[in-house]
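Peer 1: The listed protein sequences correspond, in order, to chains A and B. Count along the first sequence starting at 1, add 104, and that's the number in the working numbering. Count along the second sequence starting at 1, add 864, and that's the number in the working numbering.
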Amino acid sequence: MLKAVGILCILAGSTGLGMSMARELELRIEELLQLQKLMLRLRGEIRYMHRTLPEAFFNLSGSTSPPFSDFFRQTSLELQNRSGQTAEEIWTRNLQKYFSGLHITRQELTELEKLGSMLGCLDVEMQVSTLDYYLEQLRQSAGQAEQAAGSRRKLYRYLGILSGAALVVLII
Amino acid sequence: MQCDEVLSIFPREIRDLIQSLHLSSEGLQEIRIRAERPVLIRYRNRELVTGRTVSRDQVAEILSYLGSYSLYAYEDEIRQGFLSLPGGHRVGLSGKAVMEARRVKTLGEISSLNIRFAHQIRGCADPLMPYIWDGVRLLHTLIVSPPGRGKTTLLRDCIRQISDGSGLWPGKTVGVVDERSEIAGCFRGVPGNDVGMRTDVLDGCPKADGMMMLIRSMAPDVVAVDEIGSKEDAGALRYAMNCGCVLLATVHGSCMEELLLKPVLREIIEQKMFERYVFLEAGKVPGRIGQILDRQGERVC
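1) Have a look at M865 (chain B) and D1058 (chain B) and give me their C-alpha separation to the nearest angstrom.
2) Can you find the residues in the same chain that come closer than 6 Å, C-beta to C-beta, to F1143 (chain B), ignoring five residues on each side of it along the sequence?
3) 8 Å is my cut-off, CB to CB: does T156 (chain A) come that close to chain B?
4) Comparing alpha-carbon positions, which option in A:V228, A:R257, A:A269 lies nearest R151 (chain A)?
5) Looking only at DSSP bridge pairs, what is L259 (chain A) linked to?
6) Could you check how far apart the C-beta atoms of V1041 (chain B) and L1066 (chain B) are, in whole angstroms? I think they sit under 8 Å.
7) If we count the other Cβ atoms within 10 Å of its Cβ and call it buried at 16 or more, is N198 (chain A) buried or exposed?
8) Is it true that the region 895-908 of chain B meets the region 116-125 of chain A, where meeting means three or more beta-carbon pairs spaced less than 8 Å apart?
9) From this set, B:G1161, B:P1150, B:S1081, which residue's C-alpha is nearest E1134 (chain B)'s C-alpha?
10) Helix, strand or coil for M865 (chain B)? Go by DSSP, reduced to three states.
11) With H, G and I counted as helix, E and B as strand and the rest as coil, what does DSSP make of R1159 (chain B)?
12) Given a cut-off of 8 Å, decide if R1159 (chain B) and Y995 (chain B) are closer than it, judged by their beta-carbon atoms.
13) Can you list, in chain order, the residues of the region 892-905 of chain B whose Cβ is nearer than 7 Å to any Cβ on chain A?
14) In chain order, what residues of the region 161-178 of chain A put their CB closer than 7 Å to some CB of chain B?
15) Just the C-alpha distance for I926 (chain B) and I882 (chain B), rounded to the nearest angstrom, thanks.
16) Shortest alpha-carbon distance to N876 (chain B) belongs to which of A:V232, A:G188, A:A249?
17) Within 10 angstroms of the Cβ of G1151 (chain B), are there 16 or more other Cβ atoms? Answer buried if so, exposed if not.
18) Where do the ends of the alpha helix (DSSP H) carrying K141 (chain A) lie?
19) Output yes if chain D places a C-beta closer than 8 Å to the C-beta of G224 (chain A); else output no.
20) CB-CB under 8 Å to A1072 (chain B), same chain, minus the five flanking residues each way: which ones, in chain order?
21) State yes or no: is the beta carbon of V870 (chain B) nearer than 8 Å to at least one beta carbon in chain A?
22) Give the secondary structure of P1070 (chain B) by DSSP, where H, G and I count as helix, E and B as strand, and everything else as coil.
23) Within 10 Å of its beta-carbon, does Q200 (chain A) have 16 or more other beta-carbons around it, so buried, or fewer, so exposed?
24) On the three-state DSSP scale, how would you describe K1015 (chain B)?
25) Can you find a C-beta in chain B that's less than 8 Å from the C-beta of I150 (chain A)?
26) To the nearest angstrom, report how far apart D1090 (chain B) and R879 (chain B) are at their CA atoms.
27) Can you tell me which of the three DSSP states Q944 (chain B) falls into?
28) Check whether the region 207-221 of chain A and the region 135-147 of chain A are in contact - that is, three or more C-beta pairs closer than 8 Å.
29) With distances taken Cα to Cα, identify the nearest neighbour of E954 (chain B) among B:M1077, B:R920, B:G1049, B:L1032.
30) By DSSP, does K960 (chain B) sit in helix, in strand, or in coil?
31) Would L1078 (chain B) and G1035 (chain B) qualify as a contact pair, given that the criterion is a beta-carbon distance under 8 Å?
32) Can you find a C-beta in chain A that's less than 8 Å from the C-beta of S1118 (chain B)?
33) Going by beta-carbon coordinates alone, are L213 (chain A) and Y238 (chain A) separated by less than 8 Å?
34) Could you pull the DSSP bridge partners for A899 (chain B) from this structure?
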């Protein structure tokens, strides 16, 4: 009886692990798509409304969910406070604070950090070009993530179940 | 906007320096910032030379604060050489002009800033009001003076009084085309100065286009503009007048003879478009009236 319960626990655990790894792939795609939507909106705020970054970030914070909303709200507040830091410093610090738990890759987070160093300066045309370039990078990342997820999703799920089954066989 | 809020555009060291001087906000006229030069303050018509030199980085920091880290959002203002602050305060900019197709595209490497504090003087138009009304009819009025004598200050108070009305005169809907954000001191579209309860402000819009837009959209009784002078302005003034609007305007000049030397103004004067010409004189109080002429050039005050 005890053995049967143990086998069930091992199978449930390994299957859950496989599912969770597959889910992480999906979360990365969702986060990249969310970033795309937000950057498109930011582009519109700058391109058509000529809004300042604190205003645009505040508006973005109202149209999304945590941690994106928290990031944009906090960055907007800190920019308004004129604390003596540059916009890039504020952007980078808040990225690390709010986005460390995201499922995007280290490379994708670095690209987002680089975007912060380009925002705010020069003219609208330059801002729009910068955002377009970043949006293109996001599209590529999302495409790659989609491809990777397509092949790995099943692999992680089956691997979870099979590794559990293998462990069970070994124990028996 | 209080002066303290204007001071928040400065880095802490400069902010502390200015606060340590204990200057009253009423007397503060200008703060001049130049890279690698000391901060100069104009206070109660006197210049105060501070010992603090401003670095290039500090000028860049002030610019970041001024533009809310978003100078791209102020392209048009920078091209014209100024930025507006809440409350009608203005920051003049100077640096390297970037040209494109023989026009100034923007200012780069900005190294000099002139923060000019606006002071609304309520009631400065009191002596003028009886002369620009004929019973309950408001007269087309042109305020004339050289720079710095308070044309805009006087115009702003006229607008406020005409808009709010009084026991003697009814309140009128006033449309203001505030091309350089000096009259109403708009910040994010909302007037920082009191321009009256029946006043609509078209902020940052060229005068000629703005007058047409206001007349078509807001049906003003009175149209007010600052510093007229171009051919387009004259055409728009004529259009506004033909639409039944009363005109309130200002122009640079010191006397009628000087105005007649300018072709556009000469035409306006000869067509007797304005019924009152108000000439300002130098004085301690901005907007001090020297003389008022009627459309024939006869002195009425």
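Backbone N, C-alpha and C fix where the C-beta goes; we use that ideal spot for every residue, glycine too. Computed from a prediction, not measured in an experiment: that's the story for all the values here.
Peer 2: For this structure:
1) Low per-residue confidence applies at M865 (chain B): pLDDT is 42, beneath 50, and the placement is therefore not dependable enough to give any value.
2) V1008, G1154, Q1155
3) yes
4) A:V228
5) In DSSP, L259 (chain A) forms no bridge with anything.
6) 5 Å
7) buried
8) no
9) B:G1161
10) Residue placement at M865 (chain B) is poorly supported in this model, since its pLDDT is 42, which falls under 50; the coordinates still yield a value, given next. Looking at M865 (chain B) - three-state DSSP - the assignment turns out to be coil, as it is neither helix nor strand.
11) Three-state DSSP puts R1159 (chain B) in coil, outside helix and strand.
12) no
13) none
14) Residues passing the 7 Å Cβ filter: none.
15) Between the alpha carbons of I926 (chain B) and I882 (chain B) lies a distance of about 14 Å.
16) It should be noted that the sequence gives Arg, not Asn, for residue 876 (chain B). Of the listed residues, the one whose Cα sits closest to R876 (chain B) is A:G188.
17) buried
18) 106-151
19) Reference to chain D is not applicable here, since the protein chains of this structure are A and B.
20) S1094, E1096, D1097, G1099, A1100.
21) The beta carbon of V870 (chain B) does not come within 8 Å of any beta carbon belonging to chain A, so the residue lies off that interface.
22) coil
23) exposed
24) helix
25) Yes, its Cβ sits closer than 8 Å to a Cβ of chain B.
26) A direct Cα-to-Cα measurement between D1090 (chain B) and R879 (chain B) gives close to 33 Å.
27) helix
28) yes
29) The residue you asked about is not Glu; residue 954 (chain B) is Arg in the sequence shown. That would be B:G1049, whose Cα lies nearest to the Cα of R954 (chain B).
30) strand
31) no
32) no
33) no
34) Answer is B:V918.
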